[in-house]
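Below: the structure, in structure tokens.
There are 4 protein chains.
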Amino acid sequence: MKKLLLTGFEPFLNFPINPTKTIAEALDGQQIGNYQIISRILPVDFATSGEAITQAISDLEPDVVVALGLAGGRHKITPERIAINCNGGVEADNQGYIPDGEPIIEGGPDGIFSTLPIQKMVDQMKEAGYPAEISNSAGTYLCNHVMYRALYTIRSQAIQIPCGFIHMPASHELAIKHGKLPSWSQSDLQQAVEICLKTIGANS
Amino acid sequence: MKKLLLTGFEPFLNFPINPTKTIAEALDGQQIGNYQIISRILPVDFATSGEAITQAISDLEPDVVVALGLAGGRHKITPERIAINCNGGVEADNQGYIPDGEPIIEGGPDGIFSTLPIQKMVDQMKEAGYPAEISNSAGTYLCNHVMYRALYTIRSQAIQIPCGFIHMPASHELAIKHGKLPSWSQSDLQQAVEICLKTIGANS
Amino acid sequence: MKKLLLTGFEPFLNFPINPTKTIAEALDGQQIGNYQIISRILPVDFATSGEAITQAISDLEPDVVVALGLAGGRHKITPERIAINCNGGVEADNQGYIPDGEPIIEGGPDGIFSTLPIQKMVDQMKEAGYPAEISNSAGTYLCNHVMYRALYTIRSQAIQIPCGFIHMPASHELAIKHGKLPSWSQSDLQQAVEICLKTIGANS
Amino acid sequence: MKKLLLTGFEPFLNFPINPTKTIAEALDGQQIGNYQIISRILPVDFATSGEAITQAISDLEPDVVVALGLAGGRHKITPERIAINCNGGVEADNQGYIPDGEPIIEGGPDGIFSTLPIQKMVDQMKEAGYPAEISNSAGTYLCNHVMYRALYTIRSQAIQIPCGFIHMPASHELAIKHGKLPSWSQSDLQQAVEICLKTIGANS
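Top to bottom, those sequences are chains A, B, C and D. Numbering-wise (this note's numbering), the first sequence opens with residue 253 and increments by one. Numbering-wise (this note's numbering), the second sequence opens with residue 253 and increments by one. Numbering-wise (this note's numbering), the third sequence opens with residue 253 and increments by one. Numbering-wise (this note's numbering), the fourth sequence opens with residue 253 and increments by one.
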């Protein structure tokens with residue numbers, strides 16, 4: 253059976269819960285479509301998160317890589333179109349590091365497109381009743397960092413596997429703690445991710 | 253058994269679906285807590301909606317009145333604190349009428365507070381996992397109009413029953429058709445309303 | 253010459269600058285239309301701000317009362333339609349007090365409408381090139397508190413003078429410090445207020 | 253004297269005024285810093301806008317290229333970090349064409365970074381009192397298209413000139429017509445652009 257590496261993130265900034273961690277843990281070991289799901293939880297840390305996903309790709313030799321991240325403030329599931337070669341922003345990671353716009357990979361391409369079937373994922377989620385749209389920016393924080401590192405690793409090693417990133421709204425539970433975020437129920441979030449994984453399977 | 257009049261609205265403006273209509277229809281005839289639910293769907297029409305809810309109160313002699321309305325753009329369930337004596341806004345009702353800021357009831361009080369236990373409803377919804385907060389404005393469109401008419405009728409007839417209004421986010425289904433609204437699943441919306449109705453029952 | 257009492261607020265919460273203080277200070281002593289402007293800066297304090305504006309009305313015997321407040325997040329000038337009889341919200345005042353939804357005046361009316369010519373003020377601001385619209389809620393924090401206290405005082409003493417509240421966007425200066433607010437230049441904000449004051453004068 | 257090609261766009265979608273057209277026209281022929289400004293107004297048309305800016309670069313042989321575009325909904329000046337190789341979105345251009353996610357340049361790089369001093373531009377604008385921040389997405393509509401075409405042309409011809417794109421908020425005038433946009437005065441918008449152009453000059 254094919255292997256799908258699914259990553260979520262630990263909590264960060266003023267988000268005391270990360271629904272992507274919950275989803276990655278809930279789906280770990282499950283079979284979805286043709287895939288055996290193998291989950292990893294990534295640190296919100298510029299110094300180690302890229303290494304963590306690169307290492308997981310190397311160790312597990314997955315057939316697909318799907319990274320999940322929280323986009324507090326968004327209200328749709330948004331597969332990302334592109335990762336960019338920049339660590340930026342004004343907010344610190346969980347180790348207190350604030351990047352300064354430096355490249356992730358010196359000499360790497362400015363941007364690398366997702367190789368997941370993002371339009372089909374959006375179409376299938378909407379078909380199933382979940383609002384979704386392609387996003388054109390994963391930001392310059394950890395989500396973009398991990399997405400870029402994974403895509404760069406795969407491209408530079410000429411591995412032919414689909415890889416990409418999906419940003420998600422807050423869960424109701426997180427929204428209640430935080431106070432100001434749009435949100436979905438955790439089960440809605442998880443079901444939408446499952447639809448994405450099935451769509452990837454059907455297109456591989 | 254006590255009777256609870258529950259109202260929803262028909263679709264309006266650029267919202268081709270109204271999740272409050274779906275909820276009112278789904279709960280019609282059900283028993284929730286101590287209440288028998290009796291539902292009515294109101295027209296989005298300044299000329300007739302106030303009369304419709306007033307007439308329903310007169311005909312059914314309910315023990316509680318809860319009106320539901322869609323607040324496209326909000327992402328929490330928001331029990332309204334107050335209705336104000338004004339038909340306003342820049343958008344037409346379903347008959348094409350655009351009000352001009354005129355009073356709903358000539359000589360009526362400027363504002364009338366909801367008599368539902370709005371803080372307890374918010375607390376109970378959050379306790380159950382649904383983001384909620386009190387709203388301080390039901391606007392000046394049909395939702396406020398119906399809320400004011402119901403509260404005014406009850407106050408002026410010295411009927412001692414709780415009455416108020418709850419605004420709700422779009423459903424996922426509506427959000428997909430509309431394109432730009434935060435949303436919850438229809439089942440989340442309905443369950444949050446059921447919690448409100450139980451809370452009202454426990455406080456009456 | 254007629255007297256116009258103009259109030260602004262001191263800074264509060266995470267807003268280190270309050271553009272309404274700057275405007276009130278800049279216009280203090282000026283003549284606008286038929287009015288001599290007399291400005292007062294109010295504390296962001298539930299215990300003393302209502303008393304401060306009530307006392308100023310009593311001491312100065314103004315012919316008009318216009319209170320200004322910052323609405324961080326709004327991007328138009330918004331004359332308020334109504335003040336409501338509630339101290340609420342989840343945020344502390346500058347003394348650390350968090351109200352609990354209690355009435356401002358025990359037994360006072362639920363809501364009291366502004367007696368300023370709010371629609372004409374909006375029309376005149378737009379005519380002059382400044383985005384504006386009527387707001388239907390001044391919230392339940394200090395702005396609403398001061399508006400309610402002033403309107404209640406004037407109504408209960410049967411003084412026949414126009415009185416109301418105008419909420420304003422952040423200034424560019426505040427937005428730069430804060431990071432996430434829509435904003436106007438301070439001079440745009442002040443000019444829009446001057447148009448409001450002239451409109452009031454032309455309608456009195 | 254060095255030449256700076258400055259472009260604005262014509263009105264589009266439901267924006268009946270385009271403040272970038274006004275700025276480009278106002279600055280055409282002026283001298284700012286070391287630059288003679290030469291302005292062009294681009295059509296909102298996937299079939300011709302890329303050709304128009306490419307042709308202008310070829311004809312004028314400018315020393316700098318700065319393209320301006322309206323980002324209705326934003327409330328800061330946002331120099332763009334990257335253009336991506338995709339014509340996407342769900343909205344038609346002024347000729348009615350809706351792209352389908354196709355690449356702008358078959359075989360072109362996924363993304364190309366702006367070569368303007370975007371961080372210094374942001375810093376200088378804030379220093380001068382105008383809220384600004386780097387944006388990580390110019391979308392996939394005409395703004396991104398023109399930015400990508402200009403950067404691709406310059407890179408593929410190995411011309412060593414700075415080139416990039418600046419997105420801007422609505423003007424007050426546009427916001428009044430549109431109804432729901434945050435806005436700045438036209439003079440604030442233009443002054444912020446002038447600061448950008450001076451910053452580019454000081455860094456070239």
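Note that beta-carbon positions come from the ideal geometry of N, C-alpha and C, so glycine has one too.
Take B/Lys254 and list the residues in its own chain whose beta-carbon comes closer than 6 Å to its own, dropping the five residues that flank it on each side.
Hits under 6 Å: Asn286, Tyr287, Asp315.
Residue-chain proximity (A/Glu425, chain B), Cβ-Cβ < 8 Å
Output row for A/Glu425: interface = yes.
Going along the chain, which unbroken runs of the alpha helix (DSSP H) with 4 or more residues stay wholly within the segment 341-414 of chain A?
Listed in chain order, the complete alpha helix (DSSP H) runs (minimum 4 residues) inside the segment 341-414 of chain A are 370-379, 394-408.
Beta-carbon proximity list for C/Ala344, same chain, < 7 Å, skipping 5 on both sides:
If we look at C/Ala344 and ignore the five residues flanking it on each side, its Cβ neighbours are Ile350.
Which residues in chain B have a C-beta closer than 7 Å to the C-beta of A/Ser387? List them in chain order.
What A/Ser387 touches in chain B, judged by beta-carbon distance under 7 Å, is nothing: the nearest beta carbon there is about 14 Å away.
Whether C/Phe298 touches C/Asn339 by CB criterion (8 Å):
When the beta-carbon positions are compared, C/Phe298 and C/Asn339 come within less than 8 Å of each other.
Extent of the continuous alpha helix (DSSP H) to which B/Gly453 belongs
Element bounds for B/Gly453: 438-454.
From this set, B/Met399, B/Cys448, B/His419, which residue's C-alpha is nearest B/Asn270's C-alpha?
Checked all of B/Met399, B/Cys448, B/His419; the closest Cα to B/Asn270 is B/His419.
When you compare only the Cα positions, how much space is there between C/Thr367 and C/Ile413?
Straight through space, the alpha carbons of C/Ile413 and C/Thr367 are spaced by roughly 8 Å.
First and last residue of the uninterrupted beta strand (DSSP E) at D/Ile269
For D/Ile269, there is no enclosing beta strand (DSSP E), as DSSP marks it with neither H nor E.
Do we get a CB-CB distance below 8 Å when we pair D/Gly325 with the residues of chain A?
So no, D/Gly325 is outside the interface.
Could you pull out every residue in the same chain whose Cβ sits closer than 6 Å to the Cβ of B/Val445, ignoring the five residues on either side in sequence?
So the list reads Ile275, once near-sequence residues are dropped.
Among all the DSSP beta bridges, which residues are the ones paired with A/Gly260?
Paired residue(s): A/Ile293.
Would you call the CB atoms of A/Gly353 and D/Gln371 closer than 8 Å?
Against a cut-off of 8 Å, the Cβ pair of D/Gln371 and A/Gly353 comes out as a contact.
Which of the three DSSP states is assigned to C/Gln288 in this structure?
Here C/Gln288 sits in strand by DSSP.
Would you list the one or two residues that DSSP bridges to C/Pro331?
Answer by DSSP bridge pairing, in chain order: C/Ile418.
If you drop the 5 nearest sequence neighbours on each side, which residues of the same chain put their C-beta closer than 8 Å to that of B/Ile334?
Hits under 8 Å: Gly363, Ile364, Phe365, Ser366, Asn388, Ser389, Ala390.
So, at 6 Å on beta carbons, what are the nonlocal neighbours of C/Gly453 in its own chain, with the 5 sequence-adjacent residues on each side left out?
Leaving aside the five residues that flank C/Gly453 on each side, the residues in its chain whose CB is nearer than 6 Å to its CB run, in chain order, Gly285, Asn286, Tyr287.
Under 9 Å from the C-beta of C/Gln409: neighbouring residues of chain B:
Those do not exist, as C/Gln409 stays about 18 Å from chain B at its closest Cβ, beyond 9 Å.
Nonlocal neighbours in the same chain, by C-beta distance under 8 Å from A/Ser423, ignoring five residues either side
For A/Ser423, same chain residues with a beta-carbon under 8 Å away, outside a window of 5 residues either side, are Ile269, Pro271, Thr274, Ser435, Trp436, Ser437, Gln438, Leu441 in chain order.
At least one CB of chain D closer than 8 Å to the CB of A/Gln371: is that the case?
Residue contact with chain D for A/Gln371: present (Cβ-Cβ distance below 8 Å to some residue of chain D).
Spatially closest choice to D/Pro417 from D/Leu265, D/Gln376, D/Pro369, D/Lys378, by CA coordinates
Reading the sequence as shown, one finds Phe at residue 417 of chain D and not Pro. Here the closest residue by C-alpha is D/Pro369.
Chain-order list of residues whose beta-carbon lies under 7 Å from that of C/Arg407 (same chain, five-residue window excluded):
Its chain contains Ile364 as the residues whose beta carbon lies nearer than 7 Å to that of C/Arg407, once the 5 sequence neighbours on both sides are disregarded; these appear in chain order.
Please tell me whether C/Pro331 has its Cβ less than 8 Å away from any Cβ of chain B.
It does not; no Cβ of chain B falls within 8 Å.
For a contact meaning CB atoms closer than 7 Å, what does D/Cys448 contact in chain A?
Correct list: empty, because the minimum Cβ distance to chain A is about 17 Å.
In three-state terms, what does DSSP make of D/Ala319?
Reduced to three states, the DSSP call for D/Ala319 is strand.
Who are C/Asn339's beta bridge partners in DSSP?
Partner(s): C/Glu354.
Taking only beta carbons into account, state which residues of the segment 427-442 of chain A come closer than 8 Å to chain B, listed in chain order.
Shown in chain order are the members of the segment 427-442 of chain A whose Cβ falls below 8 Å from a Cβ of chain B: Ala427, Ile428, Leu433, Pro434, Ser435, Trp436, Ser437, Asp440.
Between A/Gln376 and A/Ile289, which are expected to be in contact by the criterion C-beta below 8 Å, what is the C-beta distance as a whole number of angstroms?
About 18 Å separates the two Cβ atoms, so there is no contact after all.
Would C/Lys328 and C/Pro383 qualify as a contact pair, given that the criterion is a beta-carbon distance under 8 Å?
Closer than 8 Å, so yes.
Rounded separation between C/Tyr393 and C/Gly381 - CA only
Rounded to the nearest angstrom, the two C-alpha atoms are 30 Å apart.
Since A/Ser435 sits in a beta bridge, which residues does DSSP pair it with?
Bridge partners of A/Ser435: A/Ala422.
Find out if the Cβ-Cβ distance for the pair D/Asn346, D/Phe264 is shorter than 8 Å.
For D/Asn346 and D/Phe264, yes; Cβs fall inside 8 Å.
Can you tell me whether DSSP reads A/Gln307 as helix, strand or coil?
Helix.
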